[in-house]
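In what follows, a single structure is set out as structure tokens and then discussed.
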Amino acid sequence: MTIDQNIHRQPLLSVKNLSVTFTIDDGRFTAAEDICMDIGRGESVGLVGESGCGKSVTALSLTRLVPSPPGSIESGSVVFDGSEIMTMDTAELRKIRGNAISMIFQEPLSALSPLHRIGRQLVEAVLLHRQISKKKAWRFAEQWLKKVGIPDAEERMYSYPYQLSGGMQQRVMIAMALMLEPALIIADEPTTALDVTTQAQIFELLQRMKKNFTSLLLITHDMGVIWETCERVIVMYASRIVETGSREEIFEHPAHPYTIGLLEAIPRLSKGRQRLKDIPGQVPSPFNYPPGCHFQERCPYAFDRCRREAPPLYDCGGGQKAACFLLDKAKQ
Amino acid sequence: MNLDKKYDESQSLLSVNDLKTWFPVKRGFFSRQQDYIRAVDGVSLELFSGETLGLVGESGCGKTTLGRTLLGLEPVTSGEIYFKNFLLNHAGRKQMNRLRQEMQVIFQDPLSSLNPRMSVMDIVTEGLVQFKRIEGSKEDHARRLIKEVGLSGDAIYRYPHEFSGGQRQRINIARAISLRPEFIICDEAVSALDVSIQAQVINLLISLQEQHQLSYLFISHDLSVVSNIADRVAVMYLGQIFEKGKTADIIHAPLHPYTRALIAAVPVPGKERQDKFAEVKGEAPSTATPPVGCRFHPRCPEAMPVCRETPPPLRRFEDREVRCHLY
Ligand SMILES: Nc1ncnc2c1ncn2[C@@H]1O[C@H](COP(=O)(O)OP(=O)(O)OP(=O)(O)O)[C@@H](O)[C@H]1O
Ligand SMILES: Nc1ncnc2c1ncn2[C@@H]1O[C@H](COP(=O)(O)OP(=O)(O)OP(=O)(O)O)[C@@H](O)[C@H]1O
Ligand code: SF4
Ligand SMILES: [Mg+2]
Ligand SMILES: [Mg+2]
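Chains R and S are the protein sequences, given in the same order.
First residue of the first sequence? That's 56 in this note's numbering, and the numbers climb one at a time after it.
First residue of the second sequence? That's 108 in this note's numbering, and the numbers climb one at a time after it.
Shown next, in the form of structure tokens:
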């Protein structure tokens, strides 16, 4: 009992002041700015936010996978299980990737080789980190295909990625990430192409892994999935974290105007064609982030100060924090 | 409001008759036995001008294959496809070329469907250039299209890899609407977008539809999304249509046990889901050797003896069609 409690006390992953920039022909922009987050052992954290706000870039930089150039991790610290990832040598880093920390990438086709049967790709991934025979690895991989709900797994081992449906490719990726039982799973939109039945199956698998203190950073725009899977939620907008809190805090009393708008845009079961509520306006281009709050142009409450200063994360009570000056005024 | 007829039932745009698309596969490595994956296995449907038909169903049930077959990207195994009363199965290349301008597609995986070496400007105006439909400057066209999908104008000089997943999908949509087609297949077109952009894109698709009398086949695994854009919904399972009807009927009074389970399983934030789906989980069935009788019977909570033996036909039931022995 006491051991468990200790395990819970220190976060498995601790990110401090992480900033990532990209330099392309048109110049340089910041894709993730001053990101701070902790993920506890066995904890599931959801990362949500506008398309292009820097979720994938943040996720990739946790294991230094941001393509460089054009990307560059400008500053920050990422401590995983007591070791600093930012200064780790590549050999050590390679051991961690795919083994202690595994990633499910946003676009499965970009992570699977089109030239090789999926069985071979899975087996190679197993053999990279486990000393077992090829035959055993094959059986092992096959069983994982079954676990992620792929029918006819024995035969599917011989399929090329293009012969699988979008959701099947995604599940191959998931099998690859889960089969080595990592301590931390970073899942970037793992279920965008999956229907509710298949989704339920995958999340059940994740729940089971959680019992062994596997931690999860889940990036998804599917708020229903966040609600069902995560204890804590981080909301990003235009390269910055704008709000964090427990799932109840975020869903029941969101504090940041962006989070409020985001929750109102969730599509509900409806009776037919009907316009949805959205957040008016467009995300600013990363080259033209305005000084001050990045949400100011779309925010119904914006006032002078929002155009001058960048709001820090204000405490809203409990563990909830939001980067909005409305919360500062409330205190005074 | 929602119940108003927004489309014209006298004008059939697309009509599909008992369509089959099978893929030959080898079982195991050494086997010589010829098997087929019956990805699409006897689908009939109709799409009216100005209408949106939603297509939902489990991963691997054949939705994408159906869409690709309609576009002539997969060979038809059997059955007929009529587009504007024109039999597509036997269309020549010239005719297909003309029809291509009227049929567009937005696919699931944005990265693999965008040429990495082309700038966004070239991508979104490619069709316009190919069919000589550019008036004025290419830049203006590109800028207008890219703004229509909610990206900033300076995006047109950049390349696909410089964008986020969701942004790339918007580029894809800009390309698909560039030729102002009559029919667009949206295959998980908004699945990669966050909900606020998703709402904007759906609203955009609805506006374009109303302005240009567009028809959509809207493929998605997300019933909430589908229910907000589709006039009618078809539910697919293992290559076949299981239920088809008006959106309101399907969502609020689903008949087929599979449809009922699907709707019960939609996760809603703020509400604990009752695990109604437990009954239907079971093992995912094989597409190469689908269960005999009703294809759903091994997972169906209401299966009767007859379901294990006789495949139910797609029957008319009141205002809709259902493939189930219960009706
Ligand atoms: N390889 C790259 N080169 C240049 N810019 C990039 C690259 N990868 C990402 N970016 C830019 O960085 C910003 C953040 O991108 P990121 O992929 O993290 O977004 P995201 O939050 O994951 O969005 P989505 O929900 O659409 O996947 C975007 O403006 C994107 O265009
Ligand atoms: N080129 C191909 N060769 C062999 N089999 C294929 C091919 N394309 C698709 N299939 C198979 O056909 C079946 C239906 O696939 P399809 O991509 O149509 O499913 P889907 O309903 O779109 O699923 P998802 O929701 O996961 O995208 C699957 O079993 C798939 O493996
Ligand atoms: S800081 Fe100002 S602009 Fe930003 S969200 Fe709050 S009120 Fe709106
Ligand atoms: Mg992303
Ligand atoms: Mg598909």
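C-beta: ideal position from N, C-alpha, C; glycine also.
These figures come from a predicted structure and were not determined experimentally.
Here HIS276(R) is not near LEU258(S), since their CB atoms are 8 Å or more apart. In this chain, the beta strand (DSSP E) harbouring MET92(R) covers 82-94. Selection ASP329(S), VAL302(S), ALA355(S), ASP356(S) evaluated against CYS293(S) yields ASP329(S) as nearest (Cα-Cα). The chain-ordered list of residues whose CB is nearer than 5 Å to some heavy atom of ligand 2 reads GLN218(R), LEU219(R), SER220(R), GLY221(R), GLY222(R), PHE130(S), ILE144(S), ALA146(S), SER166(S), GLY167(S), CYS168(S), GLY169(S), LYS170(S), THR171(S), THR172(S), THR394(S). The shortest C-alpha to C-alpha distance from GLY174(S) to any of THR184(S), VAL333(S), LEU162(S) is the one to LEU162(S).
Contacts between THR253(R) and chain S, judged by CB atoms closer than 7 Å, involve GLU165, SER166 in chain order.
Not one beta carbon of chain R lies nearer than 8 Å to the beta carbon of VAL183(S). Of all C-beta pairs linking the segment 242-249 of chain R to the segment 220-232 of chain R, three or more are shorter than 8 Å, placing the two stretches in contact.
At least 8 Å separates the beta-carbon of SER99(R) from that of LEU249(R). For the C-beta of ALA281(S), not a single chain R residue is nearer than 8 Å; the gap to the nearest is close to 14 Å. Assignment of beta-bridge partners to ILE305(R) by DSSP yields no partner. DSSP assignment within the segment 166-246 of chain R yields the following whole alpha helix (DSSP H) runs of 4 residues or more, N-terminal first: 173-184, 189-202, 208-211, 221-233. The nearest non-hydrogen atom of ligand 5 is less than 7 Å from the C-beta of ASP294(S).
Here the alpha carbons of PHE214(S) and SER220(S) stand approximately 7 Å from one another. Look at GLN202(S) here: in three-state DSSP terms it is helix. Of the residues ALA208(R), VAL203(R), GLY204(R), the one whose Cα lies closest to the Cα of TRP193(R) is ALA208(R). For the segment 115-126 of chain R, residues whose beta-carbon sits nearer than 9 Å to a beta-carbon of chain S comprise PRO122, PRO125. Assigned with DSSP and collapsed to three states, VAL121(R) falls in coil, not helix or strand.
Among the residues facing chain R, ASN335(S) is included, as its CB has a counterpart in that chain under 8 Å away. Looking at the backbone, the Cα of GLU307(R) and that of GLY300(R) are separated by about 11 Å. Between LEU180(S) and TYR189(S), the gap from beta carbon to beta carbon reaches 8 Å or more.
The Cβ atoms of LEU369(S) and TYR434(S) lie no closer than 8 Å to each other. Rounded to the nearest angstrom, the gap between the Cα atoms of SER166(S) and ASP247(S) is 40 Å. Considering only TYR323(S), SER244(S), ILE304(S), VAL308(S), the residue with the shortest C-alpha distance to LEU318(R) is ILE304(S). If you look at ALA371(S), you'll find it in the alpha helix (DSSP H) that goes 364-371. In the three-state DSSP reduction, PHE342(R) falls in the helix class (H, G or I).
Here the alpha carbons of THR252(R) and LEU219(R) stand approximately 18 Å from one another. A Cβ-Cβ separation of about 6 Å places TYR143(S) in contact with PHE130(S) under the 8 Å criterion. Relative to ligand 4, GLN274(S) has its C-beta separated by 7 Å or more from all heavy atoms.
Of the residues GLU364(R), PHE342(R), GLN375(R), ASP333(R), the one whose Cα lies closest to the Cα of PRO355(R) is ASP333(R).
Going by DSSP, LYS110(R) is part of the alpha helix (DSSP H) stretching over 110-116. DSSP places ILE357(S) in the uninterrupted alpha helix (DSSP H) bounded by 354-359. For chain S, the residues of the segment 315-330 of chain R that bring a beta carbon within less than 8 Å of one of its beta carbons are GLY316, LEU317, LEU318, ALA320, ILE321, PRO322, ARG323, LEU324, SER325, LYS326, GLY327, ARG328, GLN329, ARG330, in chain order.
Where LEU162(S) is concerned, the enclosing beta strand (DSSP E) starts and stops at 159-164.
In terms of Cα proximity to ASP229(S), the closest of TYR266(S), ARG415(S), PHE193(S) is TYR266(S). Scanning chain S for C-beta atoms nearer than 7 Å to the C-beta of LEU273(R) yields nothing, as the closest lies near 13 Å away.
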